[in-house]
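This report refers to the structure that appears directly beneath it.
Protein chains: 2
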Amino acid sequence: MQISMKCSIAIHCLIFIYEAKGIAKVTSNLLAESTGCNPVIIRNIISSLKKAGLISVARGTGGAELCIKPSEITLYQIYNALEPDGLSSLIGIHPCKDRKCPVAQNIQKVLQSPYQKIEDSIKETMKNITLQSMIDDFHMIVN
Amino acid sequence: MQISMKCSIAIHCLIFIYEAKGIAKVTSNLLAESTGCNPVIIRNIISSLKKAGLISVARGTGGAELCIKPSEITLYQIYNALEPDGLSSLIGIHPCKDRKCPVAQNIQKVLQSPYQKIEDSIKETMKNITLQSMIDDFHMIVN
DNA sequence: AAAAGATGTAAATATTAATATTACATCATA
DNA sequence: TATGATGTAATATTAATATTTACATCTTTT
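First to last, the sequence lines map onto chains A and B.
Per our numbering, residue 1 is the first one in the first sequence, and the count goes up by one each step.
Per our numbering, residue 144 is the first one in the second sequence, and the count goes up by one each step.
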């Protein structure tokens, strides 16, 4: 499992939703058009963000809106909303526990601490990146 | 692209090579047996580690040995040996630059800084983890 | 000098994971 | 009730990984 395009698409959607506020109703088709991916992919991502409480989506009439101020939405929240298993699925370990070799039997335990450190550092970094900062960057780049 | 099993397998091999020193000749078949994966996979990983100067492999007669002290081999070196594109391939961005939407046109630039921060933090963490520390952990667990 | 046992790689295949599509039930407003 | 939207399951497609096969090459031993 990687930090997949889903995360990038989600950020794209959130910025779009923010920018479109008061201008246009943000439907999954509109987001699909902007991101270049399928409406169902969008609906799934949108659905995850909704479950995480980051956005609200009007059923029937349609349209997505932010529930929380961009300054209070972190990249970690976004990532976590999308990946139910979180960062623990980021790094793969080969299965070899049932072998005779003592290295094989213990490699999983040996790797646990280093990999945990990596996950923790990603988590910390993600927590320090807000949607607001990305929106600010967007405005900076556009103007 | 993820931080794949290759990395775990490489660490497995390096610990094995260290532990086997003076006891057995470490061939790709032996490593394949211990890790549970194919000898060709092992030979490819071993080849990468060799190119990175971490180990030396005797041609013909066979057998791998560490070239550098475990305390001077970092997880970052190991990872980099295996992934030619490095961490920059870790996080995916959806292609949408050719669209009319201003968000689509600029999302790539917006994402660059956050993703760079994540990569840097992984890099820093990996640099602080040595093969020696993992070998120490291994001994601690076994005894 | 040839046999044995290794590595080094290319190429073909198989497997698995990620992404996209189709289809349809459900919902809310005009 | 027609329209345009969301929600989600099932399936198909594509791309990334891993495996296998095959064989050239290398070095020591006999």
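Positions of the beta carbon are idealized from the N, C-alpha and C atoms, including for glycine.
Being a predicted model, the structure only gives us computed values, none of them experimental.
Taking beta-carbon pairs under 9 Å, can you tell me which members of the segment 34-50 of chain A lie near chain B?
Result list: S34, T35, G36 and C37.
I45/A and M134/A look like a contact to me (Cβ under 8 Å); what is the Cβ gap, rounded to whole Å?
About 16 Å separates the two Cβ atoms, so there is no contact after all.
Alpha carbon to alpha carbon, how far is N128/A from L75/A? Give it in angstroms, no decimals.
Roughly 8 Å separates the two Cα atoms.
Counting only beta-carbon atoms, is K168/B nearer than 8 Å to chain A?
Not closer than 8 Å to any Cβ of chain A, the Cβ of K168/B fails to qualify, so no.
Is the Cβ-Cβ distance between C13/A and I41/A less than 8 Å?
Not in contact: C13/A and I41/A (Cβ atoms no closer than 8 Å).
For a contact defined as C-beta to C-beta under 7 Å, what are the partners of P114/A on chain B?
Near P114/A (Cβ distances below 7 Å), the residues of chain B are L218, I272 and M277.
Between N38/A and the rest of its own chain, which residues show a CB-CB distance below 8 Å, the 5 nearest in sequence each way excluded?
Taken in chain order, the residues that qualify are A32.
Do we get a CB-CB distance below 8 Å when we pair E65/A with the residues of chain B?
It does not; no Cβ of chain B falls within 8 Å.
Taking the beta carbon of V142/A as the centre, do at least 16 other beta carbons fall within 10 Å, making it buried, or is it exposed?
Exposed, because fewer than 16 other Cβ atoms sit within 10 Å of the Cβ of V142/A.
Closer than 8 Å, CB to CB, is G235/B near chain A or not?
Output row for G235/B: interface = yes.
Could you tell me if S8/A is buried or exposed, where buried requires 16 or more neighbouring beta carbons within 10 angstroms of its beta carbon?
Buried.
Determine the direct distance from the alpha carbon of F138/A to that of I250/B, and round the result to whole angstroms.
Cα to Cα, I250/B sits roughly 7 Å from F138/A.
Assuming K168/B and G206/B form a contact by the criterion Cβ under 8 Å, report the distance between their Cβ atoms to the nearest whole angstrom.
Indeed they touch by this definition, with Cβ atoms about 4 Å apart.
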